[in-house]
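Whatever position you read off the sequence shown (first residue = 1), add 24 for this note's numbering. Beta carbons are placed, not taken as given, at the ideal position from N, Cα and C, and that holds for glycine.
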Amino acid sequence: MSNTNKKAGKTAAANKTEKPIMQTKDLVKTYSTGKLETKALQGITLDIPAGSFSCIIGPSGHGKSTLMHLIGGLDRATSGDVIIDGAKISDLTDNELSELRASKIGFVFQFFNLLKNLTAVENIETAMMFSVNAPKSAKEQRVKALELLELVGLADKADAKPNELSGGQQQRVSIARALANDPEILLMDEPTGNLDSRSEEEVLEQLFRIHKTGKTIVIVTHNNELAAQAEIVYEIKDGKLHDLVKKVNAKKTQKKASKRKKVADE
Ligand SMILES: Nc1ncnc2c1ncn2[C@@H]1O[C@H](COP(=O)(O)OP(=O)(O)OP(=O)(O)O)[C@@H](O)[C@H]1O
Ligand SMILES: [Mg+2]
């Protein structure tokens with residue numbers, strides 16, 4: 025087990041509580057472009073418990089990515105609040121918000137967003153540039169980036185550029201990059217949206233492993249298999265929280281995830 029793994033394992037028990045690490049309160053986002061006004065979110069109130077595995081589902085264009093951008097502090101709400109680990113983000117300056125984001129949140133985007141001229145290990149190191157949690161020296165950053173590649177099963181691809189990797193491998197590099205600053209929360213927008221079924225399996229397996237280390241995971245997905253395994257599923261329709269589709273006992277789901285891992289290991 026790598027050091028990163030050990031460290032993450034230690035925080036798992038501490039994180040596993042029903043206390044919300046993220047909350048939204050009556051969240052509204054209206055985009056205005058010229059004459060057109062789009063009410064992308066129309067009053068969303070929800071809780072994301074620390075250490076939970078949540079999915080957000082819903083039809084195309086109904087506000088899922090908008091919600092992810094707001095809860096991740098990538099964009100500001102028109103009204104309402106996002107509270108991350110006790111901090112109301114509307115009270116933060118842009119600099120404070122960037123710091124909070126860099127230290128607490130890792131993002132995985134649908135189209136990987138890797139820098140094409142950098143190798144896998146260099147892509148991970150770029151995420152360490154803006155965080156107070158990151159190792160200070162270039163040498164330590166390299167060690168950590170290599171550990172993260174090992175964690176996602178790509179130790180042998182450190183020097184490969186994105187175009188030398190399969191879709192599933194690129195997505196795993198982007199997951200490793202999202203973990204670069206030991207964030208408590210991982211936000212993912214369609215992490216398996218562009219993958220074939222084999223790569224999708226690879227990525228899901230990594231996600232369940234990472235969840236077991238105590239991270240809070242929130243995923244926007246159209247993938248029913250993935251949503252079926254989540255502890256909490258929120259459905260967004262017309263910018264409103266249509267339904268809390270399911271909320272199950274977290275322990276039960278963890279047992280299922282560990283069974284799944286055993287099967288994958290055999
Ligand atoms: N930057 C923007 N400027 C103007 N309108 C936007 C912007 N981003 C999103 N929208 C609009 O807001 C609505 C919600 O978009 P959003 O991207 O959140 O949908 P989504 O549920 O993620 O859809 P998909 O499943 O297709 O990714 C849509 O009508 C979209 O056209
Ligand atoms: Mg979207």
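Chain-ordered, the residues whose CB falls short of 7 angstroms from any heavy atom of ligand 2 come out as K88, S89, D213, E214, V244.
For D118, the uninterrupted alpha helix (DSSP H) segment begins and ends at 118 to 128. D213 places its beta carbon 9 angstroms or farther from that of I256. Taking C-beta atoms under 8 angstroms as the contact rule, I260 and G87 qualify, at a distance of about 5 angstroms. Comparing C-alpha distances from L210 to each of T69, K43, F77 shows the shortest one belongs to F77.
Counting C-beta atoms within 10 angstroms of its own C-beta, E120 has fewer than 16 neighbours from the protein chains shown and is therefore classed as exposed.
Relative to M46, the option among I129, V167, A162 whose CA is nearest is I129. CA-CA distance, I113 to K264, rounds to 21 angstroms.
With a cut-off of 8 angstroms on Cβ pairs, the stretch 157 to 166 is not in contact with the stretch 102 to 118, counting fewer than three such pairs.
Taken atom to atom, the span from the alpha-carbon of S56 to that of S89 is near 17 angstroms.
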